[in-house]
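Chains as they are written, first to last, in the numbering used here: chain A, 121 to 590; chain B, 121 to 590. In this text, a Cβ means the ideal position worked out from N, Cα and C, and glycines have one as well. Remember, it's a predicted structure, so these values are computed and weren't measured experimentally. Single-structure report; data block below.
Number of protein chains: 2
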Amino acid sequence: MSPARIAASLAACLFVLSAAAEALSEAALAEARALRERALADDTAYELVRSLTTEVGPRLPGSPGDARAVAWSLAKLKALGFSNVRAEPVTVPRWIRGDARAEIVAPWPQALAVAALGGSVGTPDAGIEAEVVPVGSLDDLKAQPRERIEGRIVFFTARMERSRDGAGYGKTVGPRGSGAAEAARLGAVAMVMRPAGTSTSRTPHTGAQRYSGGVPPIPAFALSNPDADMLEQQLASGLPVRLRVASTSRWDGEAQSANVIGEIPGHGRNDEVLLLGAHLDSWDLGTGAHDDATGVGIIAAAAKLIGESKRRPRRTIRVVFYANEEFGLSGAKAYAATHGDSIDKHVLGLESDLGAFRPYGLRARVAPDRLPLVRSIQSVLEPLGIAYHGTEASGGADVGQLRELGLPVMDIVTDAAPYFDLHHTANDTFDKVDPALVRLNVAALAATAYLAAEAEDGFGRLPVASKPAQ
Amino acid sequence: MSPARIAASLAACLFVLSAAAEALSEAALAEARALRERALADDTAYELVRSLTTEVGPRLPGSPGDARAVAWSLAKLKALGFSNVRAEPVTVPRWIRGDARAEIVAPWPQALAVAALGGSVGTPDAGIEAEVVPVGSLDDLKAQPRERIEGRIVFFTARMERSRDGAGYGKTVGPRGSGAAEAARLGAVAMVMRPAGTSTSRTPHTGAQRYSGGVPPIPAFALSNPDADMLEQQLASGLPVRLRVASTSRWDGEAQSANVIGEIPGHGRNDEVLLLGAHLDSWDLGTGAHDDATGVGIIAAAAKLIGESKRRPRRTIRVVFYANEEFGLSGAKAYAATHGDSIDKHVLGLESDLGAFRPYGLRARVAPDRLPLVRSIQSVLEPLGIAYHGTEASGGADVGQLRELGLPVMDIVTDAAPYFDLHHTANDTFDKVDPALVRLNVAALAATAYLAAEAEDGFGRLPVASKPAQ
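Following this line, the structure appears as structure tokens:
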């Protein structure tokens, strides 16, 4: 590095330190460190996860479990001492899973473990039997001549790669969302897919899929990875492979659910809001432990710990348990519609929706001149093993909806590899939750939220044009 | 160590070496080493496992899959060049799994993943609903007053410990075999158990259970470990926990199956037999990959490699794919009945029925004066990481039946920890089979079987009183 560059770096460091010092008092930093340590010895979040998964269980939008979850949330937030606890009504679509079965009929009969994708239509009672056509991707499908697809069952074969950043999910989830619609466009009679997940267990991976106007809805299913392997083994024989699928899935109109909200009022600027989000709904194969009972527990416990602090922050901490993240972000859209007018009073948003695994980074999408404040917050997280991870924060599926309205967001970045071993499968259950990792996540979020709610000048605004990634 | 002891040890070593040298020529040892190396580069066994799991699949005794497996075995052994390939008829009991469901009704409704235990009767169509009584063990159950059990569903809670030697299995499998019978004796209406397996996946663990005369047969089920955790979490509330179980399991008389046998004839003493066993049947939740398609593949490939040797051993290598190991050892009993007269012509038996995991020991239950020969064989396995592991060999569930007739047995001891993660669950599938570990097992078995079939004097006889362990 040249002397000039060294000088420039030093200047940048000094700027960082001075700007941070401007925004955060030493007393605030000390309080955040103490909060971090208190969180590392507190099992409020773990106990909330236990309670939600055991006493409520699966929370498919519009289901009895979803309604019980809203009641559970109101009771828990009140019991934890939150203020302004309320349920804001959200209308959600209601889909009924029913039963699903799949079996290879030829060349070698074998039953396959399978789950209907969320939103799939069912089949006739006798099921649908047809030859299987494997395709690697949506693009591969679109390149097929109609005669190869028509009357057949399309099988998407791409395997999700396992990695800490979870990048493989985005690369394989495409067919889950629109694979059935694209297959139907070419005349397919059903769609099955290798899961957009890394589990090696025979627990299929569900998730939302959507039909397209102008093509008939065809039933859509995910296999487990071992069952996709079996289908590929049989296809490798070169013999025609025939599959029979059957499902009683159906739509059942709409239902009332709610965003459940609670607050820890600020001292001095209590009309300004630091927003913490997680989603209350879950898929129904497991009990939604890491997706997203842990998020519910982590944000509630972080806010509660902040509320117990002797040195309360300036701004109000608002926790939102969103309705129906999984099936169209109904709760996030309702929140934006209801609270859009006061968006300028929201100083920052964070979401916890990647389970309770090891945190390793802090990402912040804020006004560029507020990055020194982010660095200062990150310094308090350093002992937890959390490094600064750049500016590509998303804010999560729910809170991230507010980015297009200008809300700055941060992400506490956690290990996504184990998350996608469980995500949307029957194995997303409480026994997979490690209390030590829950505490680490609460510690990181509590310290971050405390400092963000306390900082003199906040995080500026994002350009309103910036569309959230989904 | 005292000088006298050192001298004694040296003398013992010299005895070992001289006795081994007596029994095995240097040419035989060299051939065994070459065979070991050829096996490490050969995928015959892996390909057999692929074929059996893909083209036949689950092989519940008496099922269509079982019949297909017999035909598959005859064709494969002939294609591999075995002599005297034949199916010896075996009558097997036929049990139909049907469907099983379980759900906690109170205090907090939740569906549980469950499988009927093999041999269980079904329930009335509406299922059986009753309060759950947890018990730790069979002894704990037997100590309960009748009024605590009568009319209730007994839940066995003991958790299997995971270890290399698989010792936890024996400690937890008791309730699977006789838990329903003992619970019925005290008036229970059904039995559920935490699985005798270490999987953390929501894939219940099945296995054989037996009723007792004088008590009514009650339905018996295994949960998965996460589902047993859920039941325990609800019980921990102190509230009464009510469970509803339903199953269409039933018995369906008997069926014809077969032991499938093939031989590699010996040179010189071809009327003497080195017996290699594995079982052809499997439970039906997975495809019986490690239990016991790998055994079938390993013994067939080891024998085939020996048959291709330019220096064939003196004795005949006989492979037996046993019928119905899982549900009462019908094939092993039939073999003993048919071949009991010629038991003295059987020089040694080995079985492969603990999956294809890392081998680490050689155990031999032989006449004490033949232990030097065992040591000599083990020296050829040393480069594979296989140490001498004492004399407590069982010979496996099938071959071990012949111990009471005096047959010496050896075990190639393998890592049981991963085996009991998969054993008897839906996850016992081909994707869990590692070709490198299959080759290691074939190498160990081929070298052992070659030397055992070649050794001048064999292994003596065991006391006829020695009952096989089950």
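{"Check": "Coarse secondary structure for B/P583, derived from DSSP in three states", "Outcome": "coil"}
{"Check": "Beta-carbon proximity list for A/R158, same chain, < 7 Å, skipping 5 on both sides", "Outcome": "L425"}
{"Check": "Residues of its chain near B/G460, where Cβ-Cβ distance is below 7 Å and the 5 sequence neighbours each way are ignored", "Outcome": "L525"}
{"Check": "Cβ shell of B/H325 (< 8 Å), same chain only, five flanking positions each side left out", "Outcome": "A235, P315, A316, G317, S319, A342, S344, H543, H544, T545"}
{"Check": "Under 7 Å from the C-beta of B/M530: neighbouring residues of chain A", "Outcome": "Within 7 Å Cβ-Cβ: nothing; B/M530 doesn't reach chain A, min ~33 Å."}
{"Check": "Backbone secondary structure at A/D372 - three-state DSSP", "Outcome": "strand"}
{"Check": "Distance between beta carbons of B/A443 and B/V210, contact taken as under 8 Å", "Outcome": "4 Å"}
{"Check": "Buried or exposed (CB count within 10 angstroms, at least 16 for buried), A/P295", "Outcome": "buried"}
{"Check": "Beta-carbon contacts of B/V361 that lie in its chain and below 6 Å, excluding the five residues immediately before and after", "Outcome": "V252, Q354, L355"}
{"Check": "CA-to-CA distance, A/I273 to A/S367, given in whole angstroms", "Outcome": "14 Å"}
{"Check": "Residues from the region 174-196 of chain A in contact with chain B, defined by Cβ distance under 9 Å", "Outcome": "T174, E175, V176, G177, P178, P184, G185, R188"}
{"Check": "Rounded separation between B/G580 and B/R485 - CA only", "Outcome": "10 Å"}
{"Check": "Below-9 Å beta-carbon distance, B/P492 vs any chain A residue", "Outcome": "no"}
{"Check": "Complete runs of the beta strand (DSSP E) confined to the region 262-344 of chain A [at least 3 residues]", "Outcome": "273-276, 310-313, 340-343"}
{"Check": "CA nearest to the CA of B/D260, picked from B/G182, B/E302, B/M280", "Outcome": "B/E302"}
{"Check": "Contact check, B/R153 vs B/A457, beta carbons under 9 Å", "Outcome": "no"}
{"Check": "Assumed close pair B/R217, B/E374 - CB separation to whole angstroms, cut-off 8 Å", "Outcome": "No, B/R217 and B/E374 are not in contact; Cβ-Cβ is about 17 Å, not under 8 Å."}
{"Check": "Top-ranked residue by Cα proximity to A/D541, from A/A233, A/G177, A/S283, A/A222", "Outcome": "A/S283"}
{"Check": "Completely contained alpha helix (DSSP H) runs for the region 196-251 of chain B, where each covers 4 or more residues", "Outcome": "none"}
{"Check": "Contact with chain A by B/W215, beta-carbon distance below 9 Å", "Outcome": "no"}
{"Check": "A/W403 classed as buried or exposed, judged by whether at least 16 other C-beta atoms fall within 10 angstroms", "Outcome": "buried"}
{"Check": "Contact set between B/W228 and chain A, taken where Cβ atoms lie within less than 8 Å", "Outcome": "T174, E175, V176, G177"}
{"Check": "Beta-carbon contacts of B/G382 that lie in its chain and below 6 Å, excluding the five residues immediately before and after", "Outcome": "L197, F202, V205, V439"}
{"Check": "Buried or exposed (CB count within 10 angstroms, at least 16 for buried), B/P465", "Outcome": "Rather than Pro, the amino acid found at residue 465 of chain B in this sequence is Lys. So B/K465 ends up on the exposed side."}
{"Check": "Closer than 8 Å: A/A422 CB and nearest the ligand NAD heavy atom", "Outcome": "As far as ligands go, the structure on display features none, and thus does not contain the ligand NAD."}
{"Check": "A/H459 (DSSP reduced to helix, strand or coil)", "Outcome": "helix"}
{"Check": "DSSP three-state assignment for B/G427, whether helix, strand or coil", "Outcome": "helix"}
{"Check": "Residue-level contact to chain A via CB, B/Q521, 9 Å cutoff", "Outcome": "no"}
{"Check": "Local Cβ density within 10 Å of B/P503, reported as buried at 16 or more and exposed below that", "Outcome": "exposed"}
{"Check": "Cβ contact (3+ pairs, closer than 8 Å) linking the region 501-519 of chain B and the region 285-299 of chain B", "Outcome": "no"}
{"Check": "Within 9 Å of chain B by C-beta, residues of the region 299-332 of chain A in sequence order", "Outcome": "S319, T320, S321, R322, T323"}
{"Check": "Residue from B/R305, B/A300, B/V312 with nearest C-alpha to B/Q329", "Outcome": "B/A300"}
{"Check": "Inter-residue Cα distance where the pair is A/Q376 and A/G182", "Outcome": "7 Å"}
{"Check": "Pair within 9 Å by beta-carbon distance, A/A304 and A/M313", "Outcome": "no"}
{"Check": "Chain-ordered neighbours of B/M350 on chain A, where CB pairs are closer than 9 Å", "Outcome": "T173, T174, G177, T407, T549, F550, D551"}
{"Check": "Counterpart residues of B/E383 in DSSP-defined beta bridges", "Outcome": "B/S203, B/R438"}
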